[in-house]
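Since the structure comes first, as structure tokens, the remarks are kept for the end.
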Amino acid sequence: MTAPLPSAVEVALGDRSYRIEVGRGLLPRAAELFAPMLAQKRVFIVTDSNVAPLYLAPLTDNLSAGGIHSDHIVIPAGEASKDFSHLARVLDAMLAAKCERSTMIVALGGGVIGDLAGFAASVLLRGVDFIQVPTTLLAQVDSAVGGKTGINTTAGKNLVGAFHQPRLVLADTDTLATLPRRELLAGYAEVVKYGLLGDAAFWTWLEANGAKALGGGPESHDALKHCIVTACRAKARIVASDEREQGERMLLNLGHTFGHALEAEFGYSGALLHGEAVAIGMAQAFDLSVRLGLAPAADLARLRAHFAATGLPVTPPKGARLTPAGLIAHMGQDKKVKDGAITFILARGIGQAFVSRDVPRAPLEETLRASLAA
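Every number in the working numbering is 8 more than the matching position in the sequence shown, counting from 1.
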């Protein structure tokens with residue numbers, strides 16, 4: 009039986025527009041799909057130690073069969089690799105391979121690889137093109153789309169980076185079959201974000217079909233693909249209207265102000281995945297919205313019930329020495345801080361997110377204290 013045709017989503021940015029291809033069997037077509045984007049028949053692939061054993065050889069073999077030469081670097085898997093030292097390693101490898109301005113960079117992996125390789129592409133030789141080949145659900149629905157690239161520092165997450173749009177996003181849903189359940193759930197957190205921030209109908213669909221999408225096996229594929237395409241369409245629309253996050257695009261940070269603070273407190277370790285931190289952060293954002301009298305408590309209850317049903321966390325892992333003051337201090341380092349005020353994405357209900365910089369400290373501390381004590 010032939011694979012279903014992929015679905016294409018257009019990110020409309022004028023002469024920098026690009027397509028997101030979503031579907032099965034795309035990696036085995038890489039040479040064909042890359043070819044129209046290549047100024048020369050060579051690429052440089054950045055991947056990690058988890059992805060390389062699974063997909064690097066099939067990709068390079070396919071490219072070679074299509075007459076496309078490739079070089080590559082494999083970096084250690086994990087958020088800790090998204091830093092200055094690994095950026096330097098990647099850039100040094102690209103220069104050692106004599107990459108030119110017409111050499112296409114390929115990010116093969118999850119969000120860490122996409123952010124790191126994309127940032128390297130943005131500064132190599134003052135900017136070269138790159139292609140995103142996301143292999144995790146989180147990357148396929150969020151980080152590979154929209155052109156945000158960057159690395160973490162000791163001061164916080166993604167504080168050094170650039171807006172650098174890819175030429176193509178190739179989201180092969182077959183790669184999701186090798187994801188551990190925990191990684192799949194972390195990506196699902198970014199899926200539900202799109203329902204919570206601006207699409208109440210999609211949220212209702214997820215309440216009915218989310219468990220099926222996460223179930224694995226052939227019967228879940230269509231539901232999971234629907235999740236990916238819906239999320240990509242939502243993000244593509246927002247990015248097209250606000251590429252550099254001056255207005256509406258800030259809504260995509262629902263849960264992230266809280267979540268990034270948690271990730272910083274955990275030292276970007278495997279103890280808390282990005283998607284898990286965002287899930288906790290969305291629960292905290294809705295809790296704060298209820299405490300401020302903005303959102304109905306029933307919507308917070310729906311969020312918590314769906315997260316529980318699918319396995320997403322709503323409170324931080326136990327055992328860490330977290331305090332409201334420590335988390336708020338990290339929030340003060342967030343890149344969206346303006347004139348010293350922390351930017352929060354709050355909600356008037358499911359599908360009704362908005363930006364706020366006028367949050368009193370007392371209810372914020374109450375929200376964090378309750379979350380840490382739960």
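For every residue, glycine included, the Cβ atom is placed at its ideal position computed from N, Cα and C.
Since the structure is predicted, the reported quantities are computational estimates derived from the model, not experimental observations.
CB-CB under 6 Å to residue i, same chain, minus the five flanking residues each way: which ones, in chain order?
{"i": "A147", "result": "G118, G119, G122"}
{"i": "A337", "result": "none"}
{"i": "V199", "result": "V149, C235, A239"}
{"i": "R365", "result": "A349, T351"}
Can you give me the Cβ contacts of residue i inside the same chain, cut-off strictly under 7 Å, excluding the 5 residues immediately before and after it?
{"i": "L330", "result": "E273, P324, L380"}
{"i": "R377", "result": "P332"}
{"i": "G225", "result": "none"}
{"i": "M9", "result": "Unreliable placement is indicated for M9, whose pLDDT of 39 sits below 50; no coordinate value is reported for it."}
{"i": "T186", "result": "L62"}
{"i": "S25", "result": "E18, V19"}
{"i": "R257", "result": "I246, V247, D250"}
{"i": "G154", "result": "K243, V247"}
CB-CB under 8 Å to residue i, same chain, minus the five flanking residues each way: which ones, in chain order?
{"i": "L4", "result": "Any question about residue 4 goes unanswered here, given that the chain covers just 9 to 382."}
{"i": "L241", "result": "The displayed chain sequence assigns Arg, not Leu, to residue 241. Once the five neighbours on either side are set aside, the close Cβ partners of R241 are V17."}
{"i": "T318", "result": "L193, Y196, G218, A219, L222"}
{"i": "V367", "result": "L296, L300, I350, F352, L354"}
{"i": "H282", "result": "E87, G119, L146, A194, G267, E271"}
{"i": "R50", "result": "I76, H77, S78, D79, T111, M112"}
{"i": "I27", "result": "Note on residue identity: the sequence assigns Arg, not Ile, to residue 27. Cβ neighbours of R27 beyond the five flanking positions: A16, V17, E18, V19, L176, V177."}
If you draw a straight line from the alpha carbon of residue i to that of residue j, how long is it in whole angstroms?
{"i": "V131", "j": "A216", "result": "44 Å"}
{"i": "D150", "j": "W211", "result": "17 Å"}
{"i": "L205", "j": "K106", "result": "44 Å"}
{"i": "F203", "j": "G218", "result": "Reading off the sequence, residue 203 comes out as Gly, not Phe. Approximately 12 Å between the Cα atoms of the pair."}
{"i": "S89", "j": "A96", "result": "11 Å"}
{"i": "K165", "j": "M45", "result": "31 Å"}
{"i": "K243", "j": "P188", "result": "25 Å"}
{"i": "L372", "j": "G275", "result": "22 Å"}
{"i": "E2", "j": "A328", "result": "Nothing about residue 2 can be reported from this structure: the residues present for the chain run from 9 to 382 only."}
{"i": "D250", "j": "A101", "result": "34 Å"}
{"i": "T161", "j": "H94", "result": "12 Å"}
{"i": "F171", "j": "R252", "result": "7 Å"}
{"i": "A60", "j": "V345", "result": "37 Å"}
{"i": "A313", "j": "G263", "result": "17 Å"}
{"i": "T55", "j": "L259", "result": "30 Å"}
{"i": "G126", "j": "L232", "result": "26 Å"}
{"i": "L21", "j": "A382", "result": "44 Å"}
{"i": "Q173", "j": "D342", "result": "22 Å"}
Could you give the DSSP three-state label for residue i: helix, strand or coil?
{"i": "D342", "result": "coil"}
{"i": "T10", "result": "Note on T10: pLDDT 48, under 50, position unreliable in the model; the coordinate value appears next. The answer is coil: DSSP assigns T10 none of H, G, I, E or B."}
{"i": "R360", "result": "Reading the sequence as shown, one finds Gln at residue 360 and not Arg. Coil."}
{"i": "T55", "result": "strand"}
{"i": "D137", "result": "coil"}
{"i": "A353", "result": "Just to set this straight, residue 353 is Ile in the shown sequence, not Ala. Here I353 sits in strand by DSSP."}
{"i": "R109", "result": "coil"}
{"i": "F171", "result": "strand"}
{"i": "K165", "result": "strand"}
{"i": "K156", "result": "strand"}
{"i": "L184", "result": "helix"}
{"i": "L116", "result": "strand"}
{"i": "G396", "result": "This structure cannot settle anything about residue 396, because the visible part of the chain is limited to 9 through 382."}
{"i": "V177", "result": "strand"}
{"i": "V30", "result": "strand"}
{"i": "P61", "result": "helix"}
{"i": "P332", "result": "helix"}
{"i": "P368", "result": "coil"}
{"i": "P142", "result": "strand"}
{"i": "L376", "result": "helix"}
{"i": "A381", "result": "helix"}
What I want to know is whether the C-beta of residue i ends up closer than 7 Å to one or more non-hydrogen atoms of the ligand ADP.
{"i": "A293", "result": "With respect to small molecules bound, the structure shown includes none, and the ligand ADP cannot be examined in it."}
Over what stretch of residues does the alpha helix (DSSP H) that includes residue i continue unbroken?
{"i": "F127", "result": "119-131"}
{"i": "K233", "result": "226-249"}
{"i": "N217", "result": "208-221"}
{"i": "T318", "result": "305-318"}
{"i": "Q292", "result": "282-299"}
{"i": "G255", "result": "Note, G255: premise wrong, no alpha helix (DSSP H); not H, not E."}
{"i": "R97", "result": "92-104"}
{"i": "E87", "result": "No alpha helix (DSSP H) holds E87; DSSP gives it neither H nor E."}
{"i": "A39", "result": "38-42"}
{"i": "V266", "result": "Reading off the sequence shown, one finds Phe at residue 266, where the question assumed Val. Where F266 is concerned, the enclosing alpha helix (DSSP H) stretches over 264-273."}
Where does the unbroken beta strand (DSSP E) through residue i begin, and where does it stop?
{"i": "D79", "result": "77-83"}
{"i": "S15", "result": "15-19"}
{"i": "R402", "result": "Missing from the structure shown is residue 402; the chain here goes from 9 to 382 and no further."}
Subject >> Given 8 Å, three or more beta-carbon pairs between the region 274-293 and the region 312-323 >> reply: yes
Original post:
If you pair each beta-carbon of the region 293-305 with each one of the region 353-371, do three or more pairs fall below 8 Å?
Top reply: yes
Original post:
If we count Cβ pairs, one from each stretch, closer than 8 Å, do we get three or more for the region 100-116 versus the region 132-139?
Top reply: yes
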